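**Student:**
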Amino acid sequence: MDRSGVVVNPRLGLTLYCSQEYSCKPGSRHVPAISVRTCPRPVVAVSIIALSLALGLGLGGCNRPSLSDVTGSIGGSDSLPNTNAGMRRYAEEWGRRYDSNRTDKRIAMNYARALRALTQHTQAVAVLRGLAITHPRDMEVLGAYGKALADDGKLQEAAKVLQNAHTPERPNWSILSAQGSVADQLGDHERAREFYGSALKIRPNDPAVLSNLGLSYALSRNLPTAETTLRDAVAQPAADMRVRQNLALVLALQGKFGEAEEVSRRDLAPADAASNVAEIRRMISQSNTWSAIRQVDRRPAARPKGAAAKRPTPGAS
């Protein structure tokens, strides 16, 4: 799966996951004039929203939870540039090529990847929809299109497209995981876990799939199983920050605040880890959860360890 951060979601906003965002040069033709963060947004801040909404967050204590793919997707293959200037150049370059040849698969796919990384999901959907029209039987195109639809919140349409992005004879684990993420967001958690189980048969112990599976259990209010599954995900060598922060979220939702903070500190500065856990604790203990959830989603992102203290100025290289 690509690392745009929803599929799902996602951001699977569950994405399950936290996408990486970049500052964009104002006035650019292909890169919308927005200012976003250069450091990954903590999964806690993203996941708590989808989880809370799905569970209705009658948490009232510590034994019930509250997600961005509702489980956002987390896997990825090709890496995108990880600097502001690099991402701007990448998007501008592929945007120019796309203007000259909109039916070329490689050009359209790369441009759509850049748009998704910039969280411009509606525009990515438009690019991939056109490509799907000219490549109606290309499963790679359909897979990217279905994931972009999920990113954009078009879940029913995403489910239909993803269903045609692989075959029973040759199932694709990445598509199966994306289908699970969509099913979770649609509230069909049992079906979602069937998709994740099928994906894990092809890709055993994949941390992205295990993480989505763990959050699916959390959505079903089965926090002990969610914790066990997420601990398995974290134990995998390829597990990243998003997987660990999802575990921290589920630990905090069970009242295991000390353990949650300890897990968060593997990737975040101690103050940011403590702040994330304290925010979850505060939301659990108060009644006006909807308001709190919205406020958390608008909070400035915490910086991973070693990140520069100063945010880049929009448009700066």
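Going letter by letter, the sequence shown gives residues 0 to 316 in numbering that gives the first Met the number 0. The beta-carbon is built from N, C-alpha and C at its ideal position, and this holds for glycine as well. All values derive from a computational prediction rather than experimental measurement.
Please state if the CB of residue 127 and the CB of residue 157 are separated by a distance shorter than 9 Å.
**Tutor:** No, Cβ-Cβ distance for residue 157 and residue 127 is not below 9 Å.
**Student:** Roughly how many whole angstroms lie between the Cα atoms of residue 124 and residue 144?
**Tutor:** The straight-line gap from Cα to Cα measures roughly 6 Å.
**Student:** Apply the 10 Å Cβ neighbour rule to residue 109 and answer buried if 16 or more other Cβ atoms are within range, or exposed otherwise.
**Tutor:** Buried is the call here.
**Student:** Go to residue 206, then tell me how far its alpha helix (DSSP H) extends in each direction, as first and last residue.
**Tutor:** Here the alpha helix (DSSP H) through residue 206 covers 206-218.
**Student:** Less than 9 Å separating the beta-carbons of residue 267 and residue 213?
**Tutor:** Result no, Cβ atoms of residue 267 and residue 213 do not sit closer than 9 Å.
**Student:** Residue 129 to residue 89, Cα distance in whole Å?
**Tutor:** Computed Cα separation, rounded: 21 Å.
**Student:** Would you report the Cα separation of residue 195 and residue 236, rounded to the nearest angstrom?
**Tutor:** Answer to the nearest angstrom: the Cα atoms are 19 Å apart.
**Student:** Relative to the C-alpha of residue 344, which candidate in 248, 80, 78 has its C-alpha closest?
**Tutor:** The chain is shown only over 0 to 316; residue 344 falls outside these bounds and no answer can be derived.
**Student:** When you compare the CB positions of residue 187 and residue 198, do they come within less than 9 Å of one another, or not?
**Tutor:** It is not a contact, given that the beta carbons lie outside the stated cut-off.
**Student:** Could you check what DSSP says for residue 148 in three-state terms: helix, strand or coil?
**Tutor:** Three-state result, residue 148: helix.
**Student:** Hey, out of 224, 262, 162, 93, whose CA is closest to residue 233's CA?
**Tutor:** It is 262 whose Cα lies nearest to the Cα of residue 233.
**Student:** Is the CB-CB distance between residue 191 and residue 211 below 9 Å?
**Tutor:** Yes.
**Student:** Looking at C-alpha atoms only, which residue of 142, 189, 107 is the closest neighbour of residue 95?
**Tutor:** It is 107 whose Cα lies nearest to the Cα of residue 95.
**Student:** Are at least three pairs of beta-carbons, each pair with one atom in the stretch 135-143 and one in the stretch 160-169, less than 8 Å apart?
**Tutor:** Because the criterion of three Cβ pairs below 8 Å is met, the stretch 135-143 and the stretch 160-169 touch.
**Student:** Could you give the C-beta distance for residue 251 and residue 259, rounded to a whole number, given that I count them as a contact under 8 Å?
**Tutor:** Indeed, because the Cβ distance is near 4 Å, the residues count as touching under 8 Å.
**Student:** Less than 9 Å between the C-beta atoms of residue 265 and residue 243, yes or no?
**Tutor:** In contact: residue 265 and residue 243 (Cβ atoms closer than 9 Å).
**Student:** Going along the chain, which residues of its own chain have a beta-carbon closer than 6 Å to the beta-carbon of residue 82, five neighbours each way excluded?
**Tutor:** Cβ neighbours of residue 82 beyond the five flanking positions: none.
**Student:** Taking residue 174 as the reference, give the member of 229, 224, 207, 272 with the closest Cα.
**Tutor:** That would be 207, whose Cα lies nearest to the Cα of residue 174.
**Student:** Beta-carbon within less than 8 Å of residue 230's beta-carbon, same chain only, minus the 5 sequence neighbours each way: which residues are those?
**Tutor:** Answer for residue 230: 246, listed in chain order.
**Student:** For a test of the three-state rule: what should DSSP assign to residue 117, helix, strand or coil?
**Tutor:** Of the three classes helix, strand and coil, the one that applies to residue 117 here is coil, per DSSP.
**Student:** Taking C-alpha atoms, which residue in 168, 170, 152, 202 lies nearest to residue 180?
**Tutor:** Measuring from the Cα of residue 180, the nearest candidate turns out to be 152.
**Student:** The alpha helix (DSSP H) spanning residue 188 covers which residue range?
**Tutor:** Residue 188 -> alpha helix (DSSP H) spans 188-201.
**Student:** Taking DSSP as the reference, what is the three-state secondary structure of residue 79?
**Tutor:** Residue state, collapsed to three classes: coil.
**Student:** Excluding the five sequence neighbours on either side, which residues of its own chain have a C-beta within less than 6 Å of the C-beta of residue 29, listed in chain order?
**Tutor:** Low confidence applies to residue 29: its pLDDT is 39, below 50, so where it sits in the model is not reliable, and the reading given next is rough at best. Within the same chain, residue 29 has close Cβ partners 90, 91, 94.
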